[in-house]
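First comes the structure, then the notes that go with it.
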Amino acid sequence: MARKVTQDEQGPYVIDADELDSQGGTVAVCQCGLSDNKPHCDGSHQATADEDDGVVYEYADDSADGERTVVSDD
Ligand code: FES
4 MARKVTQDEQ GPYVIDADEL DSQGGTVAVC QCGLSDNKPH CDGSHQATAD EDDGVVYEYA
64 DDSADGERTV VSDD
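Under my numbering, the first residue of the sequence shown carries the number 4, and numbering increases by one thereafter.
See the structure below:
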């Protein structure tokens, strides 16, 4: 499973100590590409739970609520 997502940022998002402290010393960074609160995980990755291995998906508007289509299926 994989996802095609659009990223328009051109640099890193720096997570400073204050941000870590506000979340109890830990922070979950989104790796699925679907969070509406990037770089933080917002639980949107749950939409990917039934994705199949070897398939690349695209979600409309890069949103977990968007229509999911298959980009390639190897
Ligand atoms: S890993 Fe992307 S929303 Fe959780």
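We put the CB at the ideal spot given by N, CA and C, even for glycine.
Assigned with DSSP and collapsed to three states, A52 falls in coil, not helix or strand. The three-state reading of DSSP puts A20 in helix, counting H, G and I together. As computed with DSSP, T72 is found in a beta bridge with E61. Only buried fits S47, as 16 or more other CB atoms lie within 10 angstroms of its CB. Distance check between V58 and each of C35, D76 and T29 places D76 closest, using alpha-carbon atoms only.
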